[in-house]
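In what follows, a structure is listed as structure tokens, so that the remarks can point back to it.
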Amino acid sequence: MFGMKRLIIMFLALGMILCAVAACGGSGTSGGAGSSGADAVAAIIDSEIGGEITVSCYDPMVYKAFLDEAARLFEKKYPGVKVNVETFSAMPEIRTSESGGVRISMVEAQDNPQGRSDYLSKVSTALMSGEGADIYAVDVLPTHKFADSGQLENLANYMEADRDFDKSAYRSNILQALAYKGGLWFVPMDYSFNFLTYDSTLLRGDEASFNLRSAFTVEQLINAAAPVFDGSGRLFNLSDYNRFQGGGGGGLYSYLLNESYNSYVDIENRQAHFTDRGFAEMLTSLKEYTELGYVSEGIPMQPNAGAVRMSAQEPPTERFYYKYKNSMMLMQHFNRDSERRMMISYGGAAAGIEADDEIAGIVADADGNVPFTFQQAYALNSSSKNKQTAWAFLKFLLSEEMQLSASLMPLSQPLHNDARTQKAELTLSGAFMGEQSQPLDEAQQEVLRRYTEAVEQLSDQINAYTMKDSIIDDMIASEVRYFFDGVKSAAEVAQVLQNRVTLYLNE
Numbered sequence: 008m009f010g011m012k013r014l015i016i017m018f019l020a021l022g023m024i025l026c027a028v029a030a031c032g033g034s035g036t037s038g039g040a041g042s043s044g045a046d047a048v049a050a051i052i053d054s055e056i057g058g059e060i061t062v063s064c065y066d067p068m069v070y071k072a073f074l075d076e077a078a079r080l081f082e083k084k085y086p087g088v089k090v091n092v093e094t095f096s097a098m099p100e101i102r103t104s105e106s107g108g109v110r111i112s113m114v115e116a117q118d119n120p121q122g123r124s125d126y127l128s129k130v131s132t133a134l135m136s137g138e139g140a141d142i143y144a145v146d147v148l149p150t151h152k153f154a155d156s157g158q159l160e161n162l163a164n165y166m167e168a169d170r171d172f173d174k175s176a177y178r179s180n181i182l183q184a185l186a187y188k189g190g191l192w193f194v195p196m197d198y199s200f201n202f203l204t205y206d207s208t209l210l211r212g213d214e215a216s217f218n219l220r221s222a223f224t225v226e227q228l229i230n231a232a233a234p235v236f237d238g239s240g241r242l243f244n245l246s247d248y249n250r251f252q253g254g255g256g257g258g259l260y261s262y263l264l265n266e267s268y269n270s271y272v273d274i275e276n277r278q279a280h281f282t283d284r285g286f287a288e289m290l291t292s293l294k295e296y297t298e299l300g301y302v303s304e305g306i307p308m309q310p311n312a313g314a315v316r317m318s319a320q321e322p323p324t325e326r327f328y329y330k331y332k333n334s335m336m337l338m339q340h341f342n343r344d345s346e347r348r349m350m351i352s353y354g355g356a357a358a359g360i361e362a363d364d365e366i367a368g369i370v371a372d373a374d375g376n377v378p379f380t381f382q383q384a385y386a387l388n389s390s391s392k393n394k395q396t397a398w399a400f401l402k403f404l405l406s407e408e409m410q411l412s413a414s415l416m417p418l419s420q421p422l423h424n425d426a427r428t429q430k431a432e433l434t435l436s437g438a439f440m441g442e443q444s445q446p447l448d449e450a451q452q453e454v455l456r457r458y459t460e461a462v463e464q465l466s467d468q469i470n471a472y473t474m475k476d477s478i479i480d481d482m483i484a485s486e487v488r489y490f491f492d493g494v495k496s497a498a499e500v501a502q503v504l505q506n507r508v509t510l511y512l513n514e
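Sequential numbering from 8 applies to the sequence shown in the numbering used here.
Structure follows, in structure tokens:
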């Protein structure tokens with residue numbers, strides 16, 4: 008997704024270290040006036056596959072390798088078909104080096120709000136004129152706007168009408184969570200979620216009444232641990248707010264924002280509520296949590312491969328009551344005692360001692376719903392002149408073959424059910440980690456069993472998707488910095504955002 012600012016990848020003898028410093032990405036009737044109805048969709052699906060289509064995306068780092076691979080295989084499957092892949096932003100420079108037997112690859116992708124704005128203007132102009140690419144990656148697109156104006160196809164109609172598409176092969180709750188105004192306007196290739204672990208030496212008995220089917224908000228976690236918090240360790244393995252070169256966000260702030268995002272920004276009804284639903288209070292609470300010692304204060308951060316390598320080689324010494332983790336770190340949790348362990352840090356979170364960690368549950372939003380995110384998702388232009396081929400390509404992207412592609416985010420969860428299990432086994436064998444694939448021994452088979460069981464139980468709880476708008480997210484990021492830099496009060500930031508977002512939503 009567009010929020011990813013930097014990626015630092017390091018391969019060690021015992022595995023891989025992946026440090027992503029980030030500000031981090033249903034069915035129904037046809038919706039907008041431009042989308043095809045059920046009868047039209049049936050005719051489209053029955054048409055011959057051929058001709059030329061174009062797929063457009065903003066971020067080549069996430070999308071291009073996967074799309075290029077899919078285009079090549081699709082063209083081989085359908086001789087005479089041509090799939091063009093176009094990207095808007097530049098591919099970041101990749102620098103590699105060797106030090107102490109460690110190979111380091113650094114990829115720096117600076118945040119570029121203006122670049123996203125320029126791309127959105129280009130796409131909006133094309134769609135309004137009935138032109139544009141046949142398929143769009145929705146990495147930065149405001150899909151709600153394009154769905155409202157009938158510029159996207161309702162993919163639920165295609166899934167229902169296509170006899171060759173087996174909806175039961177995919178996680179139904181993920182597709183159901185994406186329903187918007189009676190339709191499915193884009194489809195993800197993968198999904199991820201945030202979960203929590205707790206230190207069993209700090210929380211015991213009734214304080215640790217957790218299980219794989221638990222879901223928690225920050226407030227619930229604080230209420231559970233505050234009575235026994237003694238200051239010997241931080242409550243969370245996060246700073247209050249991470250400051251990145253060229254961007255901002257992350258830390259506990261990002262989780263609190265995401266928890267109540269739908270309260271602050273009502274996308275469907277085009278309303279902003281920054282001044283009347285606790286946004287200023289949320290910012291102020293972060294200062295309080297820092298003063299209480301629950302979290303550390305964020306400091307300016309800059310990627311430093313040497314520092315990351317050294318910290319990764321040294322065992323952590325801190326303890327945290329709770330650790331926020333992305334689902335890509337779930338395998339590490341079960342594989343932590345293996346000699347072929349994976350060491351993964353996500354979102355600038357501190358590692359901490361993990362030997363006594365147990366899974367607490369999945370992260371919920373303020374309404375008690377459990378949301379998910381994705382790395383890749385695609386929508387079909389309702390003005391496409393070759394919808395039958397475009398749909399066939401989308402369907403190919405969802406095939407088990409492509410869901411197992413190493414070009415798809417290695418540690419995200421495939422939407423395809425069978426691919427999800429196979430990918431887990433391939434990851435443990437080293438096939439997806441740049442290593443020589445090796446058969447799983449008995450201990451790794453047990454890791455695989457426990458991991459896949461946890462993935463499915465945690466995934467079963469997903470029932471929501473937080474619809475966002477990259478322009479609004481850029482507004483929030485730019486204003487919130489003033490609060491944490493001490494330039495504006497929380498109330499002043501909330502008022503500015505109320506005015507700016509309201510104006511934007513009513514354009």
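Even glycine gets a Cβ: it sits at the ideal position worked out from N, Cα and C.
Secondary structure of residue i, DSSP reduced to three states
i       : result
Phe-491 : helix
Ile-478 : helix
Ala-248 : The question names Ala, but residue 248 in the sequence shown is Tyr. Tyr-248 falls in the coil class under three-state DSSP.
Asn-201 : strand
Asp-46  : helix
Tyr-385 : strand
Leu-209 : coil
Val-302 : coil
Ser-34  : Because Ser-34 carries a pLDDT of 33, less than 50, the predicted location of this residue cannot be relied on, and the following value inherits that uncertainty. Note: Ser-34 maps to coil in three-state DSSP.
Val-272 : strand
Ser-318 : Model confidence at Ser-318 stands at a pLDDT of 48, short of 50, so the residue's coordinates are unreliable and nothing is read from them.
Pro-323 : coil
Ala-373 : coil
Ala-484 : helix
First through last residue of the beta strand (DSSP E) which encompasses residue i
i       : result
Thr-527 : The structure shown does not extend to residue 527, since the chain is modelled only from 8 to 514, so the question has no answer here.
Lys-89  : 89-94
Phe-243 : 241-243
Phe-217 : Premise fails: Phe-217 is in no beta strand (DSSP E) and is neither H nor E.
Phe-281 : Taken as a continuous stretch (DSSP letters only), Phe-281 belongs to no beta strand (DSSP E), as it is neither H nor E.
Phe-327 : 327-333
Residue interval of the alpha helix (DSSP H) (run including residue i)
i       : result
Glu-79  : First, the residue type needs correcting, since residue 79 is Arg and not Glu in the sequence shown. Note, Arg-79: alpha helix (DSSP H), 67-84.
Asn-230 : 225-232
Leu-299 : 286-299
Thr-509 : 497-512
Ala-399 : 394-404
Leu-259 : 258-266
Glu-365 : It is not in any alpha helix (DSSP H) - Glu-365 instead sits in the beta strand (DSSP E) that spans 364-370.
Met-338 : 337-341
Glu-408 : 407-410
Supposed contact pair residue j and residue i - C-beta distance, whole angstroms, cut 8 Å
i       : j       : result
Phe-243 : Ala-367 : Not really, about 12 Å apart at Cβ, beyond 8 Å.
Ala-140 : Asn-376 : With 8 Å as the limit, Ala-140 and Asn-376 do not qualify as a contact, their Cβ atoms being about 32 Å apart.
Ser-261 : Glu-304 : In fact, because the Cβ distance is near 15 Å, the residues do not count as touching under 8 Å.
Val-508 : Met-482 : 6 Å
Gly-240 : Asn-249 : About 20 Å separates the two Cβ atoms, so there is no contact after all.
Leu-228 : Tyr-296 : Not really, about 11 Å apart at Cβ, beyond 8 Å.
Ile-52  : Ala-168 : 6 Å
Gln-505 : Ala-279 : 5 Å
Leu-293 : Leu-259 : 6 Å
Gly-58  : Asn-393 : 5 Å
Phe-5   : Ser-412 : There is simply no residue 5 to check, as the chain begins at 8 and stops at 514 in what is shown.
Leu-159 : Ser-42  : 7 Å
Tyr-454 : Phe-341 : Sequence inspection shows Val at residue 454; the Tyr mentioned does not correspond to that position. Yes, Val-454 and Phe-341 are in contact; Cβ-Cβ is about 5 Å, under 8 Å.
Closer than 8 Å to chain C by CB, residue i
i       : result
Ala-279 : Going by chain labels, chain C is absent from the structure shown, which holds only one protein chain.
- Item | Validate contact between the stretch 359-367 and the stretch 206-213 using beta carbons, cut 8 Å, 3 pairs | Under the Cβ criterion (8 Å, minimum of three pairs), the stretch 359-367 counts as touching the stretch 206-213.
- Query: At what residue ranges does the stretch 107-187 contain a whole run of the alpha helix (DSSP H), taking only runs of 4 or more?
  - Reply: 120-135, 150-155, 162-168 and 179-184
- Indicate whether the contact test is met: 3 or more Cβ pairs, each with one atom in the stretch 381-397 and one in the stretch 142-159, closer than 8 Å. yes
- Item | 4-residue-minimum alpha helix (DSSP H) runs that sit fully inside the stretch 412-467, ordered along the chain | 424-436 and 449-466
- Item | Any 3 or more C-beta pairs closer than 8 Å across the stretch 496-504 and the stretch 392-406 | no
- Query: So does the stretch 61-69 actually touch the stretch 86-93, counting three or more Cβ pairs closer than 8 Å?
  - Reply: yes
- Message: Three or more C-beta pairs under 8 Å: does that hold for the stretch 373-382 against the stretch 125-132?
- Response: no
- Query: Do three or more CB pairs link the stretch 420-440 to the stretch 77-86 at distances below 8 Å?
  - Reply: Contact between the stretch 420-440 and the stretch 77-86 is absent, because fewer than three Cβ pairs lie under 8 Å.
- Taking one C-beta from the stretch 181-194 and one from the stretch 428-439 each time, how about it: are there three or more such pairs within less than 8 Å? The stretch 181-194 vs the stretch 428-439: no contact.
- Would you check if there are 3 or more beta carbon pairs closer than 8 Å linking the stretch 453-466 to the stretch 318-338? yes
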